[in-house]
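In the UniProt record's numbering, the protein residues as written are 1 to 393. Here the structure comes first, spelled out in structure tokens, and everything after it is commentary.
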């Protein structure tokens, strides 16, 4: 509003300056015209011949751009705003002119070659763009704040004022992992690839799951967009639909309920030994239907990190097993002439060292206990080594 009034004020002043310039140029070309009579402080009387000459040299109603081009200020002269003594009329019309041209960023302005007029039009154009961008930014901020406020209200109603996520996060690590495992393990076991993982990898995935709350009619994943997260539904109902890559006439929809999941493209991508740098593409659109949709969220980066950590741990384990096998072979070679009891003692001590070093957490009736890996002697070299030991003993 203020910018419109400022532009309207300048638009009111510039026509006076342009008309005065036209009169001065006309008087310089006519020796009968006295330029001092054009100024208000001069008490000279302008005769009719001079008025006629000035009106013909600076026409306003029947304009002729070949004589003088008033450009964007012609409307102010033709409308009578400049000559009017009614302040309300001047204020209203100038304000309307500024508001109209700001909203249209000066697209309808036809300027002359006058330097100040051109830059005045440029200023209107830039001001309109800046104000329009501010308007869009403020609208986006308002919509985002409204959505966030709705989300906070639904979240407060759902958790009843108790922030469960922070409570669990502040617990000791072992207790927090047990709680996450109890809540999330059944959801993970529904995924075809996850049901074949070992317990340590599943525990790591459970620890990466984060609870997320969605309000009604929110598009979580769109068909054709990169899959950035995997969702496990624990409350509410979601609508999933697909067009099979945009096939004409093909549309299939289904409902996802508590215990279902979406984003199943991520595990195949993350567990690949040589994953692509590009995220997989979603084959369907997922939208919330119920007023509150609560899910566990597994980000693509978290799943990729867990998979990389698992591959690294497996590689280090294989290297350690090879070192232990080499030590066992060296010990048997050095004790080749010793008694069977000495060989048995060496074998038992090395076997215990392997079991203790590469033990895993096995869940039994007593809780989690450390036990030896069943894969310690799966390699062919280990089998051959055991056969040699059995023959010697």
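No residue lacks a Cβ here, since even glycine has one placed at the ideal position from N, Cα and C.
Review point. CA-CA distance, residue 91 and residue 12?
Key: In the chain shown, counting from the first residue as 1, residue 91 sits at position 91. In the chain shown, counting from the first residue as 1, residue 12 sits at position 12. Answer to the nearest angstrom: the Cα atoms are 9 Å apart.
Check your understanding: From this set, 299, 254, 268, 87, which residue's C-alpha is nearest residue 193's C-alpha?
Key -> As a working note, residue 193 is residue 193 in the chain shown. Of 299, 254, 268, 87, the residue nearest in Cα terms is 268.
Exercise for review: On a CA-only basis, which of 58, 244, 206, 250 is nearest residue 231? Give me that one, please.
Suggested key: Within the chain shown, the letter at position 231 stands for residue 231. Ranking 58, 244, 206, 250 by Cα distance to residue 231 puts 206 first.
Point to revise | Which listed residue (229, 275, 61) has its alpha carbon closest to that of residue 297 | key: Taking the chain shown and counting its residues from 1, one reaches residue 297 at position 297. Ranking the options by Cα distance to residue 297, first place goes to 229.
Check your understanding: Which full runs of the beta strand (DSSP E) of 3+ residues lie inside the segment 265-340, going along the chain?
Key -> Qualifying beta strand (DSSP E) stretches, in chain order: 285-288, 292-299.
Point to revise | Assigned secondary structure, residue 241 (DSSP; H/G/I helix, E/B strand, else coil) | key: The count along the chain shown starts at 1 and reaches residue 241 at position 241. Residue state, collapsed to three classes: strand.
Check your understanding: Can you tell me whether DSSP reads residue 60 as helix, strand or coil?
Key -> For the purposes of this step, residue 60 is taken as the residue at position 60 of the chain shown. The three-state reading of DSSP puts residue 60 in coil, since its state is none of H, G, I, E or B.
Point to revise | Selection from 203, 244, 289 that minimises the alpha carbon distance to residue 233 | key: As a first step, residue 233 is located in the chain shown; it is residue number 233 there, counting from the start. Comparing Cα positions, the closest option is 289.
Check your understanding: What's the C-alpha gap between residue 258 and residue 202?
Key -> Here residue 258 is taken as the residue at index 258 of the chain shown, counted from 1. Here residue 202 is taken as the residue at index 202 of the chain shown, counted from 1. Distance between the alpha carbons of residue 258 and residue 202: 20 Å.
Check your understanding: So, is residue 103 buried or exposed, given that buried needs 16 or more other C-beta atoms within 10 angstroms?
Key -> What you label residue 103 is simply residue 103 of the chain shown in a count that begins at 1. Residue burial is scored here from C-beta neighbours: residue 103 has fewer than 16 other C-beta atoms within 10 angstroms and is therefore classed as exposed.
Review point. DSSP on residue 257, reduced to helix/strand/coil?
Key: Numbered from its first residue, the chain shown carries residue 257 at position 257. Coil, per DSSP.
Practice item. Keeping to the same chain, check which residues put their C-beta closer than 6 Å to that of residue 99; ignore five residues upstream and five downstream. Key: In the chain shown, counting from the first residue as 1, residue 99 sits at position 99. These residues qualify, in order along the chain: 4.
**Study point:** Residue span of the alpha helix (DSSP H) that contains residue 77, given as start and end
**Key:** If you number the chain shown from 1, residue 77 lands on position 77. Residues 74-78.
Point to revise | Option in 28, 74, 78 with minimal Cα separation from residue 54 | key: In the chain shown, counting from the first residue as 1, residue 54 sits at position 54. The residue with the shortest Cα to Cα distance from residue 54 is 28.
**Study point:** Top-ranked residue by Cα proximity to residue 394, from 264, 323, 120, 271
**Key:** Because residue 394 is not part of the residues shown, which for the chain are 1 to 393, the question remains open.
Exercise for review: Just the C-alpha distance for residue 223 and residue 113, rounded to the nearest angstrom, thanks.
Suggested key: Locating residue 223 in the chain shown gives position 223, counting from the first residue. Locating residue 113 in the chain shown gives position 113, counting from the first residue. Residue 223 and residue 113: Cα-Cα distance of roughly 54 Å.
Check your understanding: Can you tell me where the alpha helix (DSSP H) with residue 209 in it begins and where it stops?
Key -> Taking the first residue of the chain shown as position 1, residue 209 is located at position 209. From DSSP, residue 209 is part of no alpha helix (DSSP H); its letter is neither H nor E.
Review point. Does the beta-carbon distance from residue 15 to residue 73 come in below 7 Å?
Key: Taking the chain shown and counting its residues from 1, one reaches residue 15 at position 15. Taking the chain shown and counting its residues from 1, one reaches residue 73 at position 73. Against a cut-off of 7 Å, the Cβ pair of residue 73 and residue 15 comes out as a contact.
Check your understanding: Helix or strand or just coil, what does DSSP make of residue 252?
Key -> Mapped onto the chain shown, residue 252 falls at position 252. DSSP places residue 252 in strand when its eight states are reduced to three.
Point to revise | Residues near residue 89 in its chain [Cβ-Cβ closer than 8 Å; skip 5 each side] | key: Position 89 of the chain shown, counted from the start, is the residue given in the question as residue 89. Cβ neighbours of residue 89 beyond the five flanking positions: 81.
Point to revise | Burial state of residue 280, where buried means 16 or more other Cβ atoms lie within 10 Å | key: Looking up residue 280 in the chain shown gives position 280. A buried status is given to residue 280, since no fewer than 16 other beta-carbon atoms sit within 10 Å of its beta-carbon.
Review point. Is DSSP giving residue 230 helix, strand or coil here?
Key: On the chain shown, position 230 is the one that residue 230 refers to. In the three-state scheme derived from DSSP, where H, G and I count as helix and E and B as strand, residue 230 is classed as strand.
Review point. In three-state terms, what does DSSP make of residue 114?
Key: For this step, residue 114 is matched to residue 114 along the chain shown. Reduced to three states, the DSSP call for residue 114 is coil.
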